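Report on the structure given below.
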């Protein structure tokens, strides 16, 4: 959780593979790289960008097999830096496509942090808000605090405040109340993995926000790079959900907030069925239902 | 927030009026009692049990006007003690009526604390769970932690653990995920005020749970004494919602968890429209839609 946010995890993994190449000896280069890739792949199960980034780096060094190790190392470092630069460009493209969807003069709501701190920069969901404001729209943002890790309170609120974007912090259980109030014009969140049918795995609580948005006729948008798509999975049911330690729920910066030995569930992500998702905003454009067609079309688009 | 939970607030207010009578001088008894009642009424705006209890005590001492002050004082103390004893009996009756609605062998979900610590004892929502278990049902309970004040983590989890009722603690934003999972057989919550049409004001986040329960075909029940009904209000729209300090959201036991000067909304309650409420469980029986008829019928029933 030191590095979090699906796109940032992807870029960090690419950097990790490049770092592994710099440290690998010439004799056992391939074996060492296999170990590095396996270790990186075992860090987090849900965000598919991790596996996407490792695979991209692996394909590169496998394609260079037989070349001088120095050349392979340089190529991997270049690729990792390219992926970082690409990620910022991708976020800006997501922002451009998404800005059109944000209603002017209304409040937008987001959950968790899909901002500069979850990507190489600019952000996915927060990139959409930034681009909307750059396009002259007057919006403010409600940020869910996002228990248990408080990415909303600690990251999103900080990012938006730093950018001078009006931001109001609420606890997660207030989102429904404000979605019902008529104040919210749209919800935009990020994603950790999107299945072929458009089901979206994202930070725990996203599903609840999506249902509450639909119930109150507020459009619910997901902003994510193409690398978040996992068309190998027919639906979100097969996306692995990371279960995290009970202490994240029962302790708060070391302070105990629940009885000793209480049972806890702590799934880090949930799956929002595609039927609640009004659009998926990518760097190549906006996909709408039926997602099995529109997502495939975006992947083929160059 | 030292005393919280609508029925407990009512009993405490009655005790407060009795205490005021013991302290009132003979010469300015009526004026002093008016001051005491006004001060108690100004403490919390949402839970109607507060006003119900004060009115009941006021009617009693106004009916005794002209009697010796010692007699009035004794009558008020007796009445407050009676209201405490009644509240426990009421909770047990709510439990008996509600136990039938709890599916055997499933998990029940609750929000905030509507337990012994929110009443004079036994509890309303938790009373339903206690009565279901006393009736031989095998259930376990998922408790929402209930930000910002953590009544679920600090009170409900403690109460259930102490009673040996299996309890699992989750953050509020996980409720939707578990309601979707098929594990939850019913939701039972308390109430702070119920309007004539069955709209329910209760702890912030209740509305979200109700929508998510309905979306997943899980019955949503409200357990509350008749004193929680406010038939003077046609709908929940006119129930006053207490707004509390930003620091409850931005600070956690003194620890700052959000940027300085971030804007915060902190409504302590929300309103769940009656259409999401499958039944209202009272000490006089179970009301179902249409609530404008069924609630009136319960009030008239003796």
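Chains as they are written, first to last, in the numbering used here: chain F, 94 to 395; chain Z, 94 to 395.
Where is the CB? At the ideal position from N, CA and C, for every residue including glycine.
Quick caveat: nothing in here was measured; it's all calculated off a predicted structure.
With 8 Å as the threshold, decide whether the Cβ of residue i is near any Cβ in chain Z.
i	result
residue 254(F)	yes
residue 335(F)	no
residue 313(F)	no
residue 330(F)	no
residue 219(F)	no
residue 356(F)	yes
residue 297(F)	yes
residue 247(F)	yes
residue 145(F)	no
residue 363(F)	yes
residue 368(F)	no
When we look at the beta-carbon of residue i and count the other beta-carbons within 10 Å, is it buried (16 or more) or exposed?
i	result
residue 160(F)	exposed
residue 131(F)	exposed
residue 281(F)	buried
residue 110(Z)	buried
residue 95(Z)	exposed
residue 249(F)	buried
residue 197(F)	exposed
residue 310(Z)	exposed
residue 113(Z)	buried
residue 376(F)	buried
residue 383(Z)	exposed
residue 308(F)	buried
residue 127(F)	exposed
residue 343(F)	buried
residue 191(F)	buried
residue 229(Z)	exposed
Hey, out of the options, whose CA is closest to residue i's CA?
i	options	result
residue 124(Z)	158(Z), 143(Z), 380(Z)	158(Z)
residue 386(Z)	290(Z), 252(Z), 236(Z), 263(Z)	290(Z)
residue 294(F)	234(F), 117(F), 369(F), 347(F)	369(F)
residue 155(Z)	122(Z), 328(Z), 242(Z), 292(Z)	122(Z)
residue 409(F)	252(F), 242(F), 330(F)	Here chain F comprises residues numbered 94 to 395, so residue 409(F) is not present and cannot be evaluated.
residue 193(F)	220(F), 180(F), 309(F)	220(F)
residue 272(F)	298(F), 388(F), 303(F)	303(F)
residue 97(Z)	168(Z), 216(Z), 198(Z)	216(Z)
residue 322(F)	142(F), 226(F), 190(F)	142(F)
residue 365(F)	346(Z), 108(Z), 270(Z)	270(Z)
residue 115(Z)	149(Z), 243(Z), 164(Z), 184(Z)	164(Z)
residue 430(Z)	180(Z), 106(Z), 117(Z)	Since the first and last residues shown for chain Z are 94 and 395, residue 430(Z) lies out of range.
residue 313(F)	339(F), 367(F), 371(F), 391(F)	371(F)
residue 179(Z)	380(Z), 318(Z), 340(Z)	318(Z)
residue 276(Z)	264(Z), 199(Z), 256(Z)	199(Z)
residue 162(F)	381(F), 327(F), 120(F), 341(F)	120(F)
Would you say residue i faces chain F, with C-beta separation under 8 Å as the test?
i	result
residue 126(Z)	no
residue 267(Z)	yes
residue 138(Z)	no
residue 264(Z)	yes
residue 121(Z)	no
residue 343(Z)	yes
residue 350(Z)	yes
residue 210(Z)	no
residue 301(Z)	yes
residue 308(Z)	yes
residue 200(Z)	no
residue 316(Z)	no
residue 273(Z)	yes
Are residue i and residue j touching if we call contact CB-CB under 8 Å?
i	j	result
residue 316(Z)	residue 186(Z)	no
residue 246(F)	residue 373(Z)	no
residue 266(F)	residue 355(Z)	no
residue 274(F)	residue 305(Z)	no
residue 331(Z)	residue 145(Z)	no
residue 286(Z)	residue 139(Z)	yes
residue 167(Z)	residue 147(Z)	no
residue 393(Z)	residue 324(Z)	no
residue 329(Z)	residue 288(Z)	yes
residue 345(Z)	residue 242(F)	no
residue 218(F)	residue 195(F)	no
residue 352(Z)	residue 254(F)	yes
For a test of your reading of the model: does the CB of residue i fall under 7 Å from any non-hydrogen atom of the ligand PLP? Yes or no.
i	result
residue 243(Z)	Annotation note on the ligand PLP: not contained in the displayed structure, which lists no ligands.
List, in chain order, every chain A residue whose beta-carbon is nearer than 9 Å to that of residue i.
i	result
residue 190(F)	Although the question refers to chain A, the structure presented lacks it and instead comprises the protein chains F and Z.
Touching or not, the segment 200-211 of chain F and the segment 97-106 of chain F, by the rule of three or more beta carbon pairs under 8 Å?
-> yes
Mind the definition here: the segment 334-344 of chain F touches the segment 356-372 of chain F only if three or more C-beta pairs lie below 8 Å; say whether that holds.
-> yes
Taking one C-beta from the segment 135-154 of chain Z and one from the segment 168-183 of chain Z each time, how about it: are there three or more such pairs within less than 8 Å?
-> yes
Any 3 or more C-beta pairs closer than 8 Å across the segment 253-263 of chain F and the segment 224-239 of chain F = yes
Contact the segment 268-282 of chain Z vs the segment 188-203 of chain Z: 3+ CB pairs below 8 Å = yes
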